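Heads up: the structure comes next, in C-alpha cells.
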Amino acid sequence: MILGIETSCDETAAACMTEDGQVLSNVVSSQAQLHARYGGVVPEVASRRHLELIEPAVREALFEAGTTLDDIDEIAVTQGPGLVGALLVGLAFAKGLAWARGLPLAPVDHLHGHVASLFLGDDAVEPRFACLVATGGHTLLLDVSERDRFRRIGTTLDDAAGEAFDKGARLLGLGYPGGAALDRLSRDGDPEAYRFPVARVPGHDFSFSGLKTALLYAVRDLTAEQLASRRADLAASYERAIVTALVRGLERAGEALGVERLALVGGVAANSELRRQLQPLGVSLTPLELCTDNGAMICSAARYVPKLRFPHYGDIDAYSSA
Ligand code: KG4
Ligand code: ZN
Numbered sequence: 112m113i114l115g116i117e118t119s120c121d122e123t124a125a126a127c128m129t130e131d132g133q134v135l136s137n138v139v140s141s142q143a144q145l146h147a148r149y150g151g152v153v154p155e156v157a158s159r160r161h162l163e164l165i166e167p168a169v170r171e172a173l174f175e176a177g178t179t180l181d182d183i184d185e186i187a188v189t190q191g192p193g194l195v196g197a198l199l200v201g202l203a204f205a206k207g208l209a210w211a212r213g214l215p216l217a218p219v220d221h222l223h224g225h226v227a228s229l230f231l232g233d234d235a236v237e238p239r240f241a242c243l244v245a246t247g248g249h250t251l252l253l254d255v256s257e258r259d260r261f262r263r264i265g266t267t268l269d270d271a272a273g274e275a276f277d278k279g280a281r282l283l284g285l286g287y288p289g290g291a292a293l294d295r296l297s298r299d300g301d302p303e304a305y306r307f308p309v310a311r312v313p314g315h316d317f318s319f320s321g322l323k324t325a326l327l328y329a330v331r332d333l334t335a336e337q338l339a340s341r342r343a344d345l346a347a348s349y350e351r352a353i354v355t356a357l358v359r360g361l362e363r364a365g366e367a368l369g370v371e372r373l374a375l376v377g378g379v380a381a382n383s384e385l386r387r388q389l390q391p392l393g394v395s396l397t398p399l400e401l402c403t404d405n406g407a408m409i410c411s412a413a414r415y416v417p418k419l420r421f422p423h424y425g426d427i428d429a430y431s432s433a
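Under this note's numbering, think of the first position of the sequence shown as 112, with each following residue one higher.
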C-alpha cells in the first residue's frame with residue numbers, strides 16, 4: 112500500500128492506494144478560504160498551514176482507508192514544481208515518516224501526478240496519447256509515450272489557463288480561487304454575447320494575457336449596474352475563449368503527433384464547458400474528484416518512479432519550476 116502526500120500549493124492532501132491502483136482514501140484539506148482575503152495564495156501562509164494540517168490529513172487518510180502505518184509499504188511525496196516552502200513541508204514530513212518506519216520513499220513530479228490521475232480505475236488510459244495539463248500554474252501539451260515518460264510540445268507564453276480563469280473571476284468580483292465560481296456563473300450567461308480574442312500562437316503554445324486584458328477593458332467600460340446585469344454573459348464569453356483555445360490546442364497536438372487518443376488533466380479539467388465540448392470527441396478526462404490537486408494522483412505516479420531507500424532520499428530537495 113502506498114501513502115501519498117501532496118503539498119505543492121494550497122491543498123494539504125494525503126491518500127492511500129493499493130499497488131494495483133485502488134484508491135482507498137483521498138483526503139484533501141483546502142486552504143482556499145484562508146488565502147481568499149489576500150486574493151491569491153500567500154506562500155508563507157500556505158507553508159505554515161501545511162505544517163498544521165499535514166499530520167491530521169495523513170491520520171485521516173489512514174483512518175478512512177481502514178488501515179494503519181503498519182500496512183504502508185511506501186511513502187510517495189510531491190517534490191515539485193510548486194511553492195518551495197509548501198513542498199518542503201510535505202517532503203520533510205514524508206522523509207521523517209519513511210525514516211521512522213524504515214520505508215522507501217518515491218519523490219513524484221506534480222505534473223506526472225496529474226497525468227497519472229488517468230491511470231486509475233477501470234477506464235485507465237493507456238499511452239501513447241496527447242495530453243493537455245491545465246492547472247493554476249501550468250498549461251502544457253504533452254506527448255505521453257509511456258506511463259512514466261512524456262515530452263513537452265507546448266506551454267503557455269504568459270498565464271496558465273487556471274490563472275486566466277482566476278484572474279477573470281477576480282475582474283468579475285468572484286473572489287479567489289475563482290475558476291469554479293466562474294464556471295458556475297457562466298451557465299447563466301450567453302457565451303456569444305462578447306467576442307473575446309483567442310490568441311493564435313505559432314507552434315503548440317498558448318497565450319491568455321490578451322484575453323485577460325480584453326475582459327479588463329470590457330468591465331471598465333460598464334457602470335456598476337451594467338456590470339451586474341452582464342456579469343454572466345461576460346463570464347460565459349470569457350470562458351468560451353479559454354475553452355476554445357484549449358480544445359483547439361489539444362486537437363492540433365493530436366494531429367501533429369499522429370495520435371488518436373487525447374486526454375485532459377489538471378484543475379481546469381473540472382470545467383464543465385470544457386468537459387461538455389471534449390466528451391463527444393472521445394477525449395479521456397480525469398474523473399472530476401481527481402482533477403484538482405490530491406494525494407491519489409501522487410500515489411498513482413509513484414508506481415512508475417524509482418523508490419529511494421535511506422539514506423538516499425535524505426538530500427532530495429524541492430524544486431519550484433518544471
Ligand atoms: O491542478 P490544480 O488544483 O492546482 C495546480 O496545480 O495549480 O488547479 C487549480 C486551478 C485553479 O486555477 C482553479 O481556478 C482551476 O484549477 N479550476 C477551474 C475549475 N476548477 C478548478 N477552472 C475552471 N473551471 C473549474 N470548474
Ligand atoms: Zn496541480
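Where is the CB? At the ideal position from N, CA and C, for every residue including glycine.
Remember, predicted model here, so these are calculated numbers, not experimental data.
- In the three-state DSSP reduction, Cys-410 falls in the helix class (H, G or I).
- Excluding the 5 residues flanking it on each side, Pro-288 has same chain C-beta neighbours closer than 6 Å at Ala-143 and Asp-277, in chain order.
- The DSSP assignment places 195 to 212 and 221 to 227 as complete runs of the alpha helix (DSSP H) inside the stretch 186 to 262, in order along the chain (cut-off: 4 residues).
- Taking the Cα positions, Ala-124 is about 23 Å away from Gly-286.
- The C-alpha of His-146 lies about 10 Å from the C-alpha of Pro-154.
- When DSSP states are grouped into helix, strand and coil, Val-134 belongs to the strand group.
- Remark: the C-beta of His-223 is outside contact range of the ligand ZN, defined as less than 8 Å to any heavy atom.
- Checking the 8 Å criterion, the Cβ of Ser-395 is out of range of every heavy atom belonging to the ligand KG4.
- An exposed status is given to Arg-359, since fewer than 16 other beta-carbon atoms sit within 10 Å of its beta-carbon.
- Taking C-beta atoms as the reference points, Ala-367 and Ile-264 count as a pair closer than 9 Å.
- Cα atoms of Ala-209 and Ala-126: separation of roughly 15 Å, rounded to the nearest angstrom.
- Look at Gly-213: its beta carbon is at least 8 Å from all of the heavy atoms in the ligand ZN.
- Distance from the CA atom of Ile-427 to the CA atom of Ala-413, rounded to whole angstroms, is 15 Å.
- The continuous alpha helix (DSSP H) containing Leu-293 extends over residues 290 to 297.
- Annotation: the continuous alpha helix (DSSP H) that includes Thr-324 extends over 320 to 331.
- A distance criterion of 8 Å places the beta-carbon of Asp-404 in contact range of the ligand ZN, judged by its closest non-hydrogen atom.
- Shown here for Gln-388: same chain residues with a beta carbon closer than 7 Å to its own, the five before and five after excluded, namely Val-354 and Val-358 in chain order.
- Of the other Cβ atoms in all chains shown, 16 or more fall within 10 Å of the Cβ of Phe-319; this residue is therefore buried.
- Between the stretch 321 to 333 and the stretch 365 to 380, the count of C-beta pairs closer than 8 Å stays below three; the two stretches do not touch.
- In chain order, Leu-229, Asp-234, Val-236, Phe-240, Arg-372, Leu-373, Ala-374 and Leu-375 place their CB closer than 8 Å to the CB of Ser-395, counting only its own chain and leaving out the 5 sequence neighbours on each side.
- The ligand KG4 never approaches Ala-347 closely enough for any of its heavy atoms to be under 8 Å from the residue's Cβ.
- Secondary structure at Gly-360: helix, using DSSP grouped into helix, strand and coil.
- A contact is defined here as three or more CB-CB pairs under 8 Å, and the stretch 200 to 220 meets this definition with respect to the stretch 113 to 122.
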